[in-house]
Each structure stands twice: as structure tokens, then as C-alpha cells.
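Data first, discussion second: the structure below is written as C-alpha cells.
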Amino acid sequence: MPPTIAAAGFRPDLVRWRQLVTPAWLAALTAGAVVEAAPAVGWRLFEAGCDGAALFDQSHIPGAAYFDTGGIEQEPLWNKVSDQVLHALLLARGVRHDTTVIVYGRNNLAAARLAHLLLYAGVADVRLLDGGYARWQACGYACSAGPAAAPVAAADFGVAFPAHPEYLIGTAEARMLLARGDAVLASIRTQAEFTGRVSGYNYIAAGDIPGARWGRAGEDGDVNSMSAYHLADGSMKPAADIVAQWAECGIVQGTPTAFYCGTGWRASMAFFYAWLMGWPDISVYDGGWFEWSQTAPAA
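All residue numbers for the sequence shown refer to this note's numbering, where the first residue is 1 and numbers rise by one.
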């Protein structure tokens, strides 16, 4: 039997250290090696993307299946699909509450969006590839080509669905959160977006939610950037660095906090990192600035 790999690279600064995996760990797992913190039998590996099936067929991590975010969010606001649709989609892909699901993306924000909704649904063991597909390639690991095999559907989810509805809030709940005075709406947007100088999107008005606190994101002009959270190789910064930058803006552990952005992807990454760090009472405001900007202020 092959030995457990020595260089798994799990992070000692994370409470949920098993849930952020390195390319080395995933390469060993997909090669059939015995690994530290091994997933349950029947684990699933998904590449999350938006209209990226053709790229997936050209090249992907061995053993992965493609999961398009078009199945988990819907127009016009790009909010989560109904619970009934999400439930059916997960079952069709062989996902139960006790299935270990590992996710990555070419844009790892897509993977974070999927990871958040898996946690919302109640999947107990959700893992994210740190740095996504770009870091996998940079490390020189092998890739496969062609479509994935059809999954074996699951008969049932195994627990009440969703098991963690508290991980996602709507506009009414976001307004109540702001009104409490002891809670935070954290804007995971660029400084230019947060201050209302730009929209960041060609279909969303400029501005941001009054009373929200700036949680940072990435480079102005790039709604796919989360450079405030990542090292040069795309991996997560030390937890202490993220905690410190949030604290500067009054976002602290133990305070009820809902993360939001334009439509949910960047907020999902911030949520997942806070979840990795063991922060309690956190959620994603699904509608974000897009929905808020189209909703008349409460009377």
C-alpha cells in the first residue's frame, strides 16, 4: 500500500484545514495514493465554470466532471435557483449530504459560488482547490481531455434540504441585518465600486448599499479579481492577513456578517474563507448590490 503523502500542505491557520486542498494533495488523490484527510468513498470532483464545457473537454483535472454555474443561479438577478431545482441537480450528479465534494475552477470564484451553495444545501464535506486550475497547471500536473462519464444519480439527499438555510439571506433579511446595529453587511467589491465611482458591470448601476462596510475584493476594473485575499500564485493569503484587513473596516469574528458583491461570486469566496477560519454567524446576501439597486428603499 502506498504511504500517506508527506507534503499535503494543509493550513495550520485554518480551523477547517481539511477543506482547502493543494494541487499536490489532489494530484496524489486522483492518482490513487493514500492521502492525509482522505475523502469518503464515492467522492466527487467538479470543475465549476460558466459556459466553459468546451474548455473542460479540451483539458481538465483527471477524474473531474463539469458543473456549470448556469444550473445553480438564474436570471434576471443571477440569484440561486429554487431549492427544488438545486436539490434535483445535486441528486442527478450523485451528490448526497455525506458525499465529499471537491471543487475547482478556471475562475475559482465559480468554484466558490458552487462550494457555498453545497454548504447551504447541507453537504458536510466540501473542499476547494486552493488556487484553482491555474495553480494546478502551474505546478505541472497532468490533465485529461474529453467529456466526463455520466454520473450515477443519488436516490436521496439523506437529510432535510437545505440543511443550512442560514448561510444565505435575501434583501429583506439584509435590511433587517443593517437595522440591528450589531451586525454587518460586508461589501466584497473594489474600492471604486464601494464608493460608487464605477459599477463594475455593464448591466448594474454604480453605487453601493448605505451602511455597508468595505470588505475589499481586488483590482479596480476587474470583477473577477480577489487579489486582496490571494498570494501571487492565487492561493489564499494567511488567515491573519485577511482577519486584519477586515478588522480595519469593522468586520470582526463573532459579529453576524453577511457578505455580498455584485451578484454573488466574490461574496462566496469571502464567505468560504471566513468559514474555513471557523467564523460563526456568517452568510451570503445572494441578491447583492444588483438586487438592492433595483429595490425601492423600505418605507
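Cβ atoms here follow ideal geometry from the backbone N, Cα and C, with glycine treated the same way.
Check whether the region 106-121 and the region 145-153 are in contact - that is, three or more C-beta pairs closer than 8 Å. no
Based on the DSSP secondary-structure assignment, which residues constitute the bridge partners of Glu73? Lys80
DSSP three-state assignment for Met277, whether helix, strand or coil: coil
Are the beta-carbon atoms belonging to Ala186 and Ala258 less than 9 Å from one another? yes
Looking at the C-beta of Glu166, does it have a partner C-beta in chain D at a distance below 9 Å? This model lacks chain D altogether, as it is built from one protein chain only.
Skipping 5 residues on each side, what residues in its chain have a beta carbon closer than 7 Å to that of Ala154? Leu91, Gly94, Val95 and Arg96
Counted within 10 angstroms of its Cβ, other Cβ atoms place Arg197 as buried (16 or more) or exposed: exposed
Compare the Cα-Cα distances from Pro76 to each of Arg18, Asp220 and Thr263 and report the closest residue. Thr263
Quick one: residues in its chain with C-beta nearer than 7 Å to the C-beta of Asp130, no 5 flanking neighbours on either side, listed in chain order? Leu20, Val21, Thr22, Ser235 and Met236
Between the Cα of Gly140 and the Cα atoms of Leu26, Thr69 and Ala239, which residue gives the shortest distance? Leu26
How is Ser268 classed by DSSP in three states: helix, strand or coil? helix
Option in Gln294, Val159, Thr100 and Asp281 with minimal Cα separation from Asp125: Thr100
Contact between the region 158-169 and the region 231-251 (3+ Cβ pairs under 8 Å): no
Does the region 265-277 come close enough to the region 27-46 that 3 or more CB-CB pairs lie under 8 Å? no
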